[in-house]
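Numbering (the working numbering), first residue to last: 328 to 850. Even for Gly, the Cβ is constructed at its ideal location relative to N, Cα and C.
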């Protein structure tokens with residue numbers, strides 16, 4: 328009653344001043360609240376009583392183990408062959424190197440794990456097709472820096488929308504208008520047999536980006552023309568000739584690689600303050616488009632006069648092989664998988680307001696060998712001993728133990744990715760089963776000129792490069808290799824654009840922190 332009476336009093340024409348007073352006080356309260364919020368926010372940058380205390384309010388960081396990965400502590404080891412070597416090849420000269428802490432997949436990437444990537448690409452293409460006709464259902468509006476709505480082609484996909492590729496069931500909310508639009512994702516009727524409606528996997532194209540940090544780290548070197556013994560000036564003509572922002576890589580042999588030669592601000596003394604001096608970062612952002620479906624025919628073209636058609640027909644898609652390592656993927660497809668895996672995790676972390684983590688990637692050759700040794704010194708095999716049999720005479724890995732006798736070790740082709748005993752780091756099948764791609768470019772002399780800290784050699788081969796420049800390191804040996812290739816120090820290679828039935832991969836992620844024997848950094 329009192330509240331109603333007060334409202335009646337204030338609603339009268341004679342109380343306009345009272346209403347104005349209350350309105351003014353309300354505005355003051357709002358302004359006061361905003362000012363308090365502003366002051367509290369500014370405390371994060373201007374607090375500390377004038378002392379240098381760093382930015383306040385930063386989140387406390389503790390890195391959780393990525394699912395399916397194990398922590399590999401930092402350490403040093405003798406990299407190179409620990410036992411027999413092919414005479415005079417000089418592939419495996421011994422060198423002491425240090426390796427930072429990282430995470431590594433406990434097993435090779437399996438068919439079912441890689442299938443998640445393939446299905447994501449397939450479903451994203453389908454949503455983009457449906458979004459062209461039903462944007463309100465399959466797309467989410469995005470805005471540019473000026474808060475203007477972007478073109479529909481740049482809208483984000485709505486992953487909460489549901490649809491079916493083949494079956495149509497109105498009771499489950501399926502729209503009959505979807506099926507004709509998605510027909511383009513299937514093989515043409517002339518390409519089918521027994522009227523089976525199957526996906527055209529040639530259309531499973533994944534678009535992604537990576538940053539060429541190696542090129543970005545190169546600094547421009549403009550020629551300086553001498554005016555006198557005490558004066559010098561920039562050769563502007565030379566800068567114009569050398570600078571080519573539209574060509575981050577030469578398209579043809581003999582063309583000059585584009586350089587960014589911005590020297591930055593010049594002070595009154597004539598000194599340039601540019602450290603990097605890049606005018607346009609976009610030329611270091613490399614766009615890739617790649618088909619992600621494995622080469623299922625690799626089982627046939629890898630072995631002539633051998634019956635492996637049943638493996639081509641069933642290996643990647645049948646549930647019987649879900650936990651087997653994926654094969655038939657190129658080095659480039661492996662990189663694309665890791666980009667997708669990184670974005671998948673970081674997108675989830677962003678939605679939960681969590682900091683990003685390091686990128687997933689292929690291991691360097693040094694990281695792979697260090698992890699395969701399991702913390703042991705000079706061990707020729709991951710299990711530690713110098714023999715490939717245990718005390719009972721059983722083979723310790725999946726390889727070709729005897730001439731023509733593939734089954735002696737318990738596996739004919741590949742076996743499940745968690746087969747046999749793990750090494751001391753807990754990693755399975757670091758030798759045998761399938762060989763594994765490494766990020767490192769293969770070079771016979773890399774041990775000689777490589778740094779002794781996280782030794783690595785990266786080369787992004789171009790189409791016109793000779794085949795020798797497209798070689799990537801392969802480690803671990805496979806089910807079809809002899810015991811020599813199972814050794815921790817044995818090096819091999821394959822070309823980056825080839826897919827084999829005996830090469831798979833596993834991912835790593837750098838650890839954020841000190842990385843001692845344990846994640847807390849204790850020594």
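- Non-local C-beta neighbours of residue 638 in its own chain, meaning closer than 8 Å and more than five positions away in sequence, comprise 626, 740, 828, ordered along the chain.
- Between residue 694 and residue 800 a beta carbon distance of about 11 Å is seen, past the 8 Å cut, so the two are scored as non-contacting.
- Just so you know, the alpha carbons of residue 839 and residue 446 end up roughly 31 Å apart.
- Nearest neighbour of residue 806 by Cα position, chosen from 845, 744, 484, turns out to be 744.
- C-alpha of residue 836 to C-alpha of residue 537: approximately 16 Å in a straight line.
- Not a single unbroken stretch of the beta strand (DSSP E) spanning 3 or more residues falls wholly within the region 674-715.
- Comparing alpha-carbon positions, the option among 503, 505, 504, 530 lying closest to residue 515 turns out to be 530.
- A residue is called buried when at least 16 other Cβ atoms come within 10 angstroms of its Cβ; residue 746 meets this threshold and is buried.
- Contact annotation, residue 718 with residue 815: C-beta distance approximately 21 Å; criterion of less than 8 Å not satisfied.
- In this structure, the beta-carbon distance from residue 422 to residue 396 does not fall below 8 Å.
- A contact between stretches requires three or more CB pairs, one per stretch, nearer than 8 Å, and the region 745-759 meets this requirement with the region 430-440.
- A direct Cα-Cα distance of roughly 7 Å separates residue 420 from residue 774.
- Cβ atoms of residue 690 and residue 431 come within 8 Å of each other, at about 7 Å.
- Counting other Cβ atoms within 10 Å of its Cβ, residue 809 stays below 16 and is therefore classed as exposed.
- For the pair of segments examined, the region 660-676 was found to touch the region 607-622: the number of CB pairs separated by less than 8 Å reaches three.
- The count of Cβ pairs closer than 8 Å, one atom from the region 672-681 and one from the region 648-658, stays below three, leaving the stretches out of contact.
- Spanning the alpha carbons of residue 671 and residue 824 requires a straight line of approximately 25 Å.
- In terms of CA proximity to residue 532, 615 leads the group 615, 477, 761, 507.
- Contact between residue 526 and residue 449 is confirmed by a C-beta separation of about 7 Å, below the 8 Å threshold.
- Measuring C-alpha to C-alpha distances from residue 492 to each of 457, 673, 466 identifies 457 as the nearest.
- DSSP places residue 483 within a strand segment (E or B) once states are collapsed to three.
- The C-alpha of residue 640 is placed about 30 Å away from the C-alpha of residue 505.
- Counting along the chain, residue 638 sits inside the alpha helix (DSSP H) bounded by residues 636-641.
- A direct Cα-to-Cα measurement between residue 659 and residue 507 gives close to 33 Å.
- With distances taken between CA atoms, residue 764 lies nearest to 834 out of 834, 687, 464, 441.
- Residue 652 has 437 as its beta-bridge partners, per DSSP.
- DSSP assignment within the region 746-774 yields the following whole beta strand (DSSP E) runs of 3 residues or more, N-terminal first: 762-768.
- Going by DSSP, residue 615 is part of the beta strand (DSSP E) stretching over 612-618.
- In summary, residue 738 is buried, with 16 or more beta-carbon neighbours lying within 10 Å of its beta-carbon over all protein chains present.
- Note that the C-beta distance between residue 624 and residue 708 is not below 8 Å.
- Residues 611, 613 of the same chain have their beta carbon placed closer than 6 Å to that of residue 539, with the five preceding and five following residues left out of the count.
- The alpha-carbon of residue 387 is positioned some 15 Å away from that of residue 841.
- Within the same chain, 794, 797, 798 come within 7 Å of residue 822 by CB-CB distance, once the 5 residues on both sides are set aside.
- No Cβ-Cβ contact shorter than 8 Å links residue 512 with residue 459.
- Beyond the five residues adjoining it in sequence on each side, residue 819 comes within less than 6 Å, by CB distance, of 801 in the same chain, given in chain order.
- With respect to the 8 Å criterion, residue 713 and residue 722 are not classified as neighbours on the basis of their beta carbons.
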